[in-house]
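Here the protein sequences come in this chain order: X and C.
So the first sequence is numbered by the numbering used here: it starts at 86 and just counts up by one.
So the second sequence is numbered by the numbering used here: it starts at 220 and just counts up by one.
Heads up, the beta-carbon is just placed ideally off N, CA and C, and yes, glycines get one too.
See structure below.
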Amino acid sequence: MSGQKTLYIDYSLCIGCETCEYVCRFTNDTSRIHMTRTRDGVMVPLYCRHCENPKCANACPRGALKRDKDGAIVLQPMLCRGCQTKNCILACPYSAMFETDRGVMVAKCDMCAQRRQVGMGPACVEMCPCAAIRYVERDEIPDLETEKSRQACEKVMEHLKLPGK
Amino acid sequence: MDPINFTFLCAEPAMPIGRSVGIIGAGPSGLAATGYLSCLGYQVEVYDKLPKPGGLMLFGIPGYRIPKERIDAGARQLERQGGVIFHTHTKICCSGPLHDEEGDHFCREILGFGDMIKKHEAIMICTGSWRSRKLCIEGETLAGVFSGLEFLFPIRAVKYSAPNVKLPDVAGKRVAVIGAGHSAVDVAHSAIHLGAEQVFHLYRRTMREAPCGVYEIEQLQAMGVQWLDRTTPVRILGQDRVEGLEISRPGAHGPELTTLPVDIVVAAIGETATPPFAKELGLENVRKGEVRWLHMTAIENVFVAGDALSGPSKIGKAVYSGLRAARSLANWLDLKAQDRLDAYDYNDLVVNDAGFRS
């Protein structure tokens, strides 16, 4: 799994300004990252981690969620039939699959696949005023963590139920 | 630190196409629009009253929330790679008397709106929201009463050596902060850092309802701020300067009045938009979508975006508005350049477009 890229958000740096969400919306029509916050006020952009063991891909009966060469779990609309089970949405522990009213009715982050093809990075990363969201190799994440980021992350995780943990 | 990449839509600088656009205001919406247009090869000139691009991202929000270096680097990248020209210290006249808004004291040059329209093929107004809301209670004009922006702005601006900017004199004083948004939190933080003896933080509802969230308030309390919720300011007491703040709190038998012994009152209760010529440009119609072309004002080559159009909001929304307005502006200029504006059906209002509200 080394050499694979993913997104990493330091919740302690996020100010909830929604730039990621709106830049994503401008770039991809439907936003694939969504700002929310915990009851006590920690800002939580819901985002795809392109997991090592992706529950969404495992849950999809058509194999419509595949990993691409950079490590992104990409939804392939040609295989997705927009099924009503919404297994993928239900399976994601991070609430990072979104129901929409367009196309196959599901949207997910593909780390800006089209931008990557022409040598650019994910748009949200480029525009976050706080540099809270990073486009990194998965192995780099432990080095990016700080005491504050871990504390904020713990506060967020109180609200997320991770299966098998 | 990596720049905030306003030219995120293009991998490399675009070929110049010989079109000139002026953008008024170098905040998030103005810079997003600048990045978009510069990626299309436009010559963009940005006008701002302040000494540096960034707007409230730089002068309103404290540096520990948004790193100054990241915004500076983003503006520098626009200049060097996008060929953008920044005219700082420059105000485009005028929505009200000068020195009416925070940041006006930086202006060295005032340009007329008419000159702008002639100089550029199109202009975009991204002037944001800079006028503070008032409490509308007795004693509000006393010395020692500030708005959130009046209090926070000089703390950032003083670093840019403006002659008329002074840090709020807080050391050893008692401060009451009104409001529970992030600006109010920033005011309380700053007051403590500037050596205030005591800080009271007032909010009209409960802690749970505070827009800044309980977490921020707990951090303030840990710093020694005294949190008073379900509290409304009634009047500010004093002869020629603040000597106290009368407040109303719910008691056992209805509201009870008490007086806080404070020297400074900061009302961080929000700002309102300050666009130039709001009436003449018909901005209310633009906001509602009752126009024929997205983000276009009553003057056809003048566009508007961000807080100036829709009132105080979040950075993300301002960025989105700037990007959409820039796209709309470029589409219009394209059609105009081909002399095909007549072919466009002007009958339908923008508000009826599927994309308007999304």
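Using only alpha-carbon positions, find the residue among C/S529, C/T478, C/P474, C/G489 that is nearest to C/G501.
C/S529
Simplified DSSP assignment, three categories, for C/Y539
The DSSP-derived three-state label of C/Y539 is helix.
Could you check which residue in X/A208, X/K233, X/S97 has the C-alpha nearest to that of C/I285?
X/S97
Does C/C258 pass the burial test, meaning 16 or more other C-beta atoms within 10 Å, or should it be called exposed?
buried
Local conformation of X/K250 per DSSP, three classes
Its pLDDT being 47, under 50, X/K250 is placed unreliably in this model, and the value from its coordinates should be taken loosely. In the structure shown, X/K250 sits in coil (DSSP, three-state: anything other than H, G, I, E or B).
Is the CB of X/M212 under 7 Å away from at least one CB in chain C?
yes
Is it right to say C/T578 is buried, meaning 16 or more other beta carbons lie within 10 angstroms of its own, or is it exposed?
No statement about residue 578 of chain C is possible, as the shown extent of chain C runs from 220 to 577 and does not include it.
For C/L386, does the count of other Cβ atoms within 10 angstroms reach 16, so buried, or fall short, so exposed?
Under the 10 Å beta carbon count, C/L386 is surrounded by fewer than 16 other beta carbons and is classified as exposed.
Between X/F183 and C/V461, what straight-line distance do the alpha-carbon atoms span, to the nearest angstrom?
52 Å
By a C-beta neighbour count over all protein chains shown, 10 Å radius and 16 as the cutoff for buried, is C/K271 buried or exposed?
buried
Confirm, please, whether the CB-CB distance from X/R134 to X/T104 is below 7 Å.
no
Determine, using beta carbons only, whether C/H308 and C/G241 come nearer to each other than 7 Å.
no
Could you check which residue in C/G302, C/A390, C/V444 has the C-alpha nearest to that of C/D405?
The shortest Cα separation from C/D405 among C/G302, C/A390, C/V444 belongs to C/V444.
First through last residue of the alpha helix (DSSP H) which encompasses X/Q90
The sequence as given places Lys at residue 90 of chain X; Gln does not occur at that position. That residue, X/K90, is in no alpha helix (DSSP H); its beta strand (DSSP E) goes 90-94.
Using a Cβ cut-off of 7 Å, pull out every chain C residue sitting near X/G204, in sequence order please.
A230
Under the criterion of a Cβ to heavy atom distance below 6 Å, does C/D553 qualify as lining the ligand PLP?
As for the ligand PLP, it is missing from this structure, which has no ligand bound.
Chain X partners of C/L542, CB-CB under 7 Å?
F111
What's the C-alpha gap between X/Q202 and C/A362?
59 Å
Following the continuous alpha helix (DSSP H) through C/V461, name the residue where it begins and the one where it ends.
Premise fails: C/V461 is in no alpha helix (DSSP H) and is neither H nor E.
Going along chain X in order, which residues have a C-beta closer than 9 Å to the C-beta of C/C345?
None at all; the shortest Cβ gap to chain X is about 15 Å.
Using a cut-off of 9 Å between C-beta atoms, extract the partners of C/P272 located in chain X.
By Cβ distance, chain X contributes nothing, its closest Cβ being about 13 Å from C/P272, past 9 Å.
Taking Cβ positions only, does X/A208 come closer than 7 Å to chain C?
True, the Cβ-Cβ gap to chain C drops below 7 Å.
Take X/M128 and list the residues in its own chain whose beta-carbon comes closer than 6 Å to its own, dropping the five residues that flank it on each side.
C99, G101, R122
Contact list for C/K536 against chain X, beta-carbon separation under 7 Å
E103, Y107
Going by the DSSP bridge assignment, what does C/E357 pair with across the sheet?
C/R454
Neighbour list for X/C133 in chain C, Cβ cutoff strictly below 9 Å:
Correct list: empty, because the minimum Cβ distance to chain C is about 18 Å.
Please report the distance separating the alpha-carbon of X/G188 from that of X/L150.
16 Å
Taking only three categories from DSSP, how would you classify C/G473?
C/G473: strand per DSSP, three-state reduction.
For C/I280, count neighbouring Cβ atoms within 10 angstroms of its own Cβ and tell me buried if that reaches 16, exposed if not.
buried
Return helix, strand or coil for C/F227, following the three-state DSSP convention.
coil
C/A429 versus X/S116 - alpha carbon distance:
27 Å
Residues of chain X with CB closer than 9 Å to the CB of C/M220, please, in chain order.
A216
Grab me the residues of C/V417's own chain with a C-beta within less than 6 Å of its C-beta, minus the 5 sequence neighbours each way, in chain order.
According to the sequence shown, residue 417 of chain C is Gln rather than Val. Once the five neighbours on either side are set aside, the close Cβ partners of C/Q417 are R393.
Cβ contact check for the region 226-246 of chain X and the region 188-198 of chain X: 3 or more pairs under 8 Å
no
Beta carbon proximity, X/G126 to chain C, threshold 7 Å:
yes
For chain C, check one thing: does any of its Cβ atoms lie closer than 7 Å to the Cβ of X/I100?
By this cut-off, X/I100 is an interface position.
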